[in-house]
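See below for the structure under consideration.
In the numbering used here, the protein residues as written are 1010 to 1812.
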């Protein structure tokens, strides 16, 4: 216990020891009384065998230190309690003497520090060391309980403590309401919400204690939790070791919050599903709002389970939002179970239930809702989405006029706008998932639930729909209803029961794909995701030779955190690598399930463990991709992935293509080859990726530029080569790589470093898609800049041009 003490402390301890051995009173030696107290605590040690009796002179020193007026610090208290606990574990049984100084020192701290240091001690003693608990529990409870003079905030802190910002807000802002005798019993009941699910008895008690005031508090407090974000906390151990911990909610806070969530099952109000959905979304996503981990899996599952038990169509929108954003498998399984239960009640499949329950938010078919507030007209628009204002003079203004800013009707519209912003990405995600899963509808379902819907229709009307094994077209509204029109202007109106699905280029001839791309570009149709310009990845001879795995995207150096977040967004899970364990942390599989198949992309760690703090990796290297049928074990009983997968010739072409497309997207957005300068140790890779052969994503970008260039102001100064956009300036000629956006200058291929910025001229150019990290707009921005290179004034660029 002394190996980490500083020299001054060791010197003081030696002085006390010398006096003790000489028969003098160590307390008479003077010096820092806190050091004397530490010394006295350690002097209670009777060796590893323990015992009960102590030397009377040691006990005299212990009592002198405990009864003194030492200015104990939190660090002292940690040291003293750790020392006492070690002696207790070594079978020292004179507990009143072991804990005399630690208890006295703890009384010098405020209640916040006491709880922070001793928070787990009562439960630990009660569970594992009952004799100690029986000896000191009254003093411990006295230490941790605030007196009545601390007011309502103290009463609340005695129940939930103050271990994080949410708990402090509950005590300071809501203390008087939570400590009210009509609510306090329910707060104590919420703090007993420790099981995984509420029992009937727990819910019955909650129903008995629930009051209108408590309902109002739940409606105010749970949104605070949904808006709360994680915080990094610094820790210091008694031995001086320092570390950081990122915490969303302390367990002492999460338990009563879960009690509030469970109580929502008893509240029959229209605001409950939306609120539970917001909470599940915050708690179900990882640090920073993404990833396969949860801020609080406990609270996310609690919210989803209450929605499931609540049932009804009004829960579907909230569950659908969680399904889009959250990647944690346990939470997703609960969401799927909840949706299946509601769908069964309605006699529908889960997907068809989602089709029918997308909220319209009061919007008309044009995606606009108008409200008269005071003398102003306010429009809620799905296109944006945004609130737009017309003042009493009839002029459109950007912000709300002063006269209506405090109007409750405007606050309600702002809340609806927030919900609309959450619903739009969910609908875009559903439509893309329907494309890759080849969902089939009847035409009347498409028109009713997609094309005519003010939210989903915003996206669905710009997609290509196809009659099953028949013609395809973009929807066009006519007097007789919706029709499909193709690039040649031919129209067809399917019968109501005609089976239709979303058009995918993998099923089409190359000339038909080119016709659709030209057609959409000419009409200025920007699709919600790449459909006409979607990359297609067909089996290559090399993959036929490797037979059970694809190495097409192996060997790329990626930024691990960015790659993991992007793959999570695309539905991949399970990826976790770091320097914490060479065997278990050095590599992992990212896993995606699609249409009855499971893809596994092996990722291994690279980089310096010291630079990464022996934690999560900064960089990783992509390896092979394998496929397994759902239900077929892809890992052995040790949890390691099998080396063999299903022959790639047996994988459906669309499944293969979509999985490889995700891999290409991850590489194209997170590769260190995109950096402005080579990352140390990866210079060869940076050069090969930054100027090498184009991937399918870059080929699609090239195809789009082929169609865009003739329309641009710089058309006479730009031309496409196999891998580059070649731009002629007045000073130099430049080649912009279509994969990385990196630039070489002719005639000597000197590298030109330009940090991408927002270009107003580029922003005015119509782009048919922007789904690959914005690289298409980055390339065009650089092209416009370099075509007019004599106007460049940035010295970091002009120095390179003149070198």
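C-beta atoms are modelled at their ideal positions from N, C-alpha and C, and glycine is treated no differently.
Cβ-Cβ separation, residue 1639 to residue 1686 (assumed contact under 8 angstroms), whole Å
Wrong, their Cβ atoms sit about 44 angstroms apart, outside the cutoff.
Candidates 1552, 1233, 1128: which alpha carbon is nearest residue 962's? With the chain running from 1010 to 1812 in the structure shown, residue 962 is simply not present.
Among 1462, 1540, 1017, 1491, which has the Cα closest to the Cα of residue 1371?
-> 1462
Contacting residues, own chain, Cβ-Cβ under 6 angstroms from residue 984 (five flanking each side not counted) | The chain is shown only over 1010 to 1812; residue 984 falls outside these bounds and no answer can be derived.
Distance, residue 1046 Cα to residue 955 Cα
The structure shown does not extend to residue 955, since the chain spans only 1010 to 1812, so no value can be given for it.
**Message:** Using 8 angstroms as the cut-off, can you tell me whether the region 1198-1214 makes contact with the region 1230-1244, which would need three or more C-beta pairs spanning the two stretches below that distance?
**Reply:** no
Where does residue 1358 fall in DSSP's three states?
coil
### Message
Rounded to the nearest angstrom, what separates residue 1350 and residue 1360 at their Cα positions?
### Response
12 angstroms
* Asked: Helix, strand or coil: which one does DSSP assign to residue 1667?
  -> helix
Self-check item: Nonlocal neighbours in the same chain, by C-beta distance under 7 angstroms from residue 1168, ignoring five residues either side
Solution: When the five nearest sequence neighbours on each side are left out, the beta carbons in the same chain lying within less than 7 angstroms of the beta carbon of residue 1168 are those of 1196, 1197, 1200, in order along the chain.
Review point. For the alpha helix (DSSP H) that contains residue 1681, what are its first and last residues?
Key: Element bounds for residue 1681: n/a, residue is neither H nor E.
Problem - CA nearest to the CA of residue 1242, picked from 1125, 1732, 1282 - result: 1125
Note to self: Give me the residue from 1403, 1444, 1635 with the minimum Cα distance to residue 1612.
What the structure shows: Residue 1612 has its Cα closest to that of 1635, out of 1403, 1444, 1635.
Integer-rounded CB distance, given that residue 1633 should sit under 8 angstroms from residue 1558 | 4 angstroms
From 1185, 1174, 1020, residue whose alpha carbon lies closest to that of residue 1162: 1185
| said: Between the alpha carbons of residue 1322 and residue 1329, how many angstroms are there, rounded? | reply: 11 angstroms
Quick check on residue 1614: buried or exposed, where buried means 16 or more other Cβ atoms within 10 Å of its Cβ? buried
* Asked: Given 8 angstroms as the limit, is there contact between the region 1424-1435 and the region 1327-1342, that is, 3 or more CB pairs closer than that?
  -> yes
Practice problem: Quick one: residues in its chain with C-beta nearer than 7 angstroms to the C-beta of residue 1113, no 5 flanking neighbours on either side, listed in chain order? | Solution: Taking residue 1113 as the centre and dropping the five residues before and after it, the same chain places the C-beta of 1075 closer than 7 angstroms to its C-beta, in chain order.
| query | Would you say residue 1218 and residue 1194 are within 8 angstroms of each other, going by their C-beta atoms? | reply | The criterion of a C-beta distance shorter than 8 angstroms is satisfied by residue 1218 and residue 1194.
For residue 1522, which residues of its own chain have a beta-carbon under 6 angstroms away from its beta-carbon, when the five flanking residues on both sides are left out? 1514
Would you kindly work out how many angstroms separate the C-alpha atoms of residue 1222 and residue 1230, rounded to a whole number?
-> 12 angstroms
query: What residue from 1713, 1761, 1728 has the CA that sits closest to residue 1785's CA?
result: 1713
Checklist entry - Since residue 1759 sits in a beta bridge, which residues does DSSP pair it with? => result Bridge partners of residue 1759: 1754.
| task | Report the rounded CA-to-CA distance for residue 1394 versus residue 1429, giving the unit in angstroms. | result | 7 angstroms
Q. Does the beta-carbon distance from residue 1810 to residue 1711 come in below 8 angstroms?
A. no
**Report entry** Contact check, residue 1551 vs residue 1631, beta carbons under 8 angstroms
**Finding:** no
Which of helix, strand or coil DSSP assigns to residue 1654: coil
### Message
Could you check whether residue 1054 and residue 1096 sit closer than 8 angstroms to each other, using their CB atoms as the reference points?
### Response
yes
Task: Residues near residue 1445 by beta carbon distance below 6 angstroms, same chain, minus five either side - done: 1667
Exercise. When burial is assigned at 16 or more other CB atoms within 10 Å of the CB, is residue 1406 buried or exposed?
Worked result: exposed
- Message: For the region 1412-1425 against the region 1474-1493, do three or more pairs of beta-carbon atoms, one drawn from each stretch, fall closer than 8 angstroms, so that the two count as touching?
- Response: no
Nearest to residue 1474 (by Cα), restricted to the options 1355, 1495, 1352: Checked all of 1355, 1495, 1352; the closest Cα to residue 1474 is 1495.
Are three or more beta carbon pairs between the region 1732-1746 and the region 1575-1584 nearer than 8 angstroms?
no
query: Per DSSP, residue 1382 forms a beta bridge with which residues?
result: 1385
Checklist line | Nonlocal neighbours in the same chain, by C-beta distance under 6 angstroms from residue 1676, ignoring five residues either side | finding: Contacts found: 1562, 1565.
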